[in-house]
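Residue numbers (this note's numbering), protein chains in the order written: chain A, 1 to 274; chain B, 275 to 656.
Inspection log for the structure reproduced underneath, given as structure tokens.
What follows is the structure, encoded as structure tokens:
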């Protein structure tokens with residue numbers, strides 16, 4: 001493919017992904033009546049604010065629970081990211097390095113769970129969490145998903161890339177199983193760990209159905225779910241407010257991603273043999 | 275100084291396929307034992323068993339006074355140098371050297387002292403702050419050695435440590451390893467598939483094939499009195515010329531040539547008497563033109579096919595009417611391809627196209643049809 005063509009293709013793809021966010025951003029700076037006024041006929045002002053203002057943000061900040069709910073989302077993001085990374089690291093280490101009967105089968109079985117949509121297991125999951133007395137609690141949201149097949153897969157593959165001789169050398173040099181993991185493997189899979197952490201941090205922003213089901217108190221609800229309830233089909237919705245709140249909600253994820261994305265290089269472990 | 279004893283160690287991966295058949299070995303304290311054999315002969319597996327990186331199926335491993343059969347690798351007090359060095363890529367040379375000491379929870383001041391002592395010893399002072407990826411092959415090798423010696427282990431295991439170096443460096447590092455081992459006096463098990471490396475380093479050689487010991491002994495002894503065709507073919511720059519022979523009326527007949535049994539050393543004579551089919555092995559470097567020999571000997575005549583010049587010596591390939599019988603069977607016994615060409619290694623520059631070569635009777639190697647040496651078993655007791 002020629003260069004300009006490739007560039008154009010990238011531009012189009014990027015635009016496709018960014019456009020909705022830009023539209024939301026533009027809409028958040030409008031007045032609500034402004035939005036309805038230009039909705040009928042297609043013009044530039046259908047998309048862009050005629051008189052940009054931050055009134056919508058002011059209103060978003062006065063929403064009684066939005067800040068608490070945003071905090072919930074961010075906190076859940078950190079907990080889920082850290083929890084899945086730790087559990088994936090331990091599972092990945094075992095699946096890559098320990099020899100036990102049924103290891104391969106276990107790995108495949110775990111990957112197979114990827115093909116089951118959450119919607120399918122939602123009712124039984126709800127009953128289990130309810131019976132544990134965790135409905136309407138933060139841990140009720142977090143615990144069922146703190147183990148991630150994708151994370152295990154990612155980290156197991158990264159550990160597979162670390163030569164086994166490194167483990168062997170470390171264990172002869174006096175390291176136990178934990179020390180091998182900590183001192184010989186961990187430093188060489190940093191890229192995968194950060195990728196795993198970041199991925200699961202951002203994943204939380206996509207949660208909708210599960211918190212809607214398992215969290216019924218407004219205090220504990222996640223921001224993205226709460227925002228959806230601002231859309232009221234029976235009355236005219238304050239879309240400017242909805243967009244402003246949405247933009248505020250994705251801001252933390254955006255910041256964290258911007259900080260960490262430079263670490264997303266693949267881990268390059270060699271034994272120094274080459 | 276610690277002695278290593280392996281008692282009937284066995285190992286198999288899948289049921290029925292033994293990687294190591296019952297294996298016995300004693301490495302005396304301070305001895306450098308080289309395990310040598312073609313790839314897949316089980317020598318690396320054996321090393322992993324000694325290190326504790328693999329579990330043995332049966333048998334016992336003793337190091338000094340300790341039974342380490344079921345001891346975890348980290349408590350065995352064994353240091354290993356890997357083929358690819360296995361340096362920690364994320365750590366500097368300094369930290370690579372310090373790694374075993376940190377695991378022992380040594381005081382920081384002691385670690386600094388020891389690291390600098392080892393660095394001086396192995397000429398690594400200048401490299402201490404580099405990462406392994408910034409080192410040359412030879413430097414990595416020295417770091418790997420340094421990491422092995424720094425905690426003063428009871429036993430060194432080296433798994434083909436020179437195979438990633440170029441030829442010139444290999445000879446040099448080989449000498450360094452030998453000197454280091456002598457100086458430290460630590461028992462060392464060294465694995466290689468290179469017979470030159472094996473012969474130059476070893477106090478004693480262990481020749482292995484398909485998980486079985488073929489012969490154990492000092493290199494010179496194995497060279498002179500190989501226990502079987504495999505050992506004979508393995509040691510030496512070129513394998514011996516193997517010929518089929520028969521014992522007829524107190525004479526060894528090989529093709530049209532023949533030799534009275536009376537000319538052979540006594541032990542050989544008695545062992546050969548009463549046999550029929552045999553193989554003889556003539557080392558290419560032991561052959562001499564008949565005009566140089568003072569006595570009547572076994573004589574081989576042939577036509578030269580081609581010549582290879584190697585430095586000041588020359589490999590003369592020739593075909594003889596004595597020929598080699600059954601190259602396929604001999605190749606199987608020797609574990610390598612043998613053609614029906616014969617080879618004469620000589621330092622003479624000009625050679626005729628027709629050669630007439632002899633060999634001293636005591637230099638002839640005799641084997642039975644199963645490839646086992648007749649009369650002169652060089653294998654010492656385990």
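Even glycine gets a Cβ: it sits at the ideal position worked out from N, Cα and C.
Computed from a predicted model, the values in this text were never measured in an experiment.
- Contact residues of the region 367-378 of chain B toward chain A are 373, 374, 377, 378 (C-beta to C-beta distance below 7 Å).
- Beta bridge pairing from DSSP links residue 647/B with 641/B.
- Three or more beta-carbon pairs drawn from the region 184-203 of chain A and the region 249-268 of chain A are found closer than 8 Å, and the two stretches are therefore classed as touching.
- Where residue 366/B is concerned, there is no enclosing beta strand (DSSP E), because DSSP gives it neither an H nor an E.
- Residue 141/A carries a helical assignment under DSSP once its states are collapsed to helix, strand and coil.
- For residue 347/B, the neighbours in chain A by C-beta distance under 8 Å run, in chain order, 168, 171, 172.
- Around the Cβ of residue 565/B, a 10 Å sphere holds fewer than 16 other Cβ atoms; the residue is exposed.
- Contact between residue 483/B and residue 609/B is confirmed by a C-beta separation of about 6 Å, below the 8 Å threshold.
- Per DSSP, reduced to three states, the secondary structure at residue 61/A is helical.
- Of all residues in the region 431-464 of chain B, the ones placed with a Cβ closer than 8 Å to any Cβ belonging to chain A are 438, in chain order.
- Shown here for residue 559/B: same chain residues with a beta carbon closer than 6 Å to its own, the five before and five after excluded, namely 619 in chain order.
- When the beta-carbon positions are compared, residue 278/B and residue 297/B stay at least 8 Å from each other.
- By the criterion of at least three beta-carbon pairs nearer than 8 Å, the region 621-634 of chain B is in contact with the region 573-581 of chain B.
- Within chain B, the C-beta atoms nearer than 7 Å to that of residue 184/A come from 362, in chain order.
- The beta carbons of residue 146/A and residue 215/A sit no closer together than 8 Å.
- Collapsing the DSSP output to three states places residue 227/A in a helix.
- Contact with chain B is absent for residue 140/A, since none of that chain's Cβ atoms lies less than 8 Å from the residue's Cβ.
- Among the residues of the region 92-123 of chain A, none has a Cβ less than 9 Å away from any Cβ of chain B.
- Look at residue 584/B here: in three-state DSSP terms it is strand.
- As summarised for the region 286-354 of chain B, the continuous beta strand (DSSP E) elements at least 3 residues long and confined to that stretch are 292-301, 306-310, 332-337, given in chain order.
- When 8 Å is used as the limit between beta carbons, residue 547/B is near no residue of chain A, the shortest such separation being about 53 Å.
- Across the set 447/B, 404/B, 514/B, the C-alpha of 514/B shows the shortest separation from the C-alpha of residue 637/B.
- Under the DSSP assignment, residue 423/B falls in the alpha helix (DSSP H) whose first and last residues are 411-423.
- For residue 515/B, the enclosing beta strand (DSSP E) covers residues 515-522.
- For the pair residue 376/B and residue 330/B, the Cα-to-Cα distance works out to about 29 Å.
- The contact set of residue 165/A on chain B, defined by CB atoms closer than 7 Å, consists of 356, 358, 360 in chain order.
- Per DSSP, the continuous beta strand (DSSP E) segment holding residue 619/B begins and ends at 616-620.
- Residue 187/A reaches chain B at 362, 363, 364, 365, counting residues in chain order whose Cβ is nearer than 9 Å.
- Contact annotation: residue 553/B and residue 641/B have beta-carbon atoms nearer than 8 Å.
- Selection 486/B, 643/B, 473/B, 502/B evaluated against residue 492/B yields 473/B as nearest (Cα-Cα).
- Between residue 595/B and residue 530/B, the CB-CB gap stays under 8 Å.
- By the Cβ neighbour-count rule, residue 389/B is buried, with 16 or more other Cβ atoms within 10 Å of its own.
- As a beta-bridge residue in DSSP terms, residue 576/B pairs with 594/B, 629/B.
- Remark: fewer than three beta-carbon pairs, one from each stretch, lie closer than 8 Å, so the region 441-460 of chain B and the region 281-294 of chain B are not flagged as touching.
- The region 47-56 of chain A and the region 21-36 of chain A touch, with three or more beta-carbon pairs separated by less than 8 Å.
- In this structure residue 36/A is exposed. Its beta-carbon is surrounded by fewer than 16 other beta-carbon atoms within 10 angstroms.
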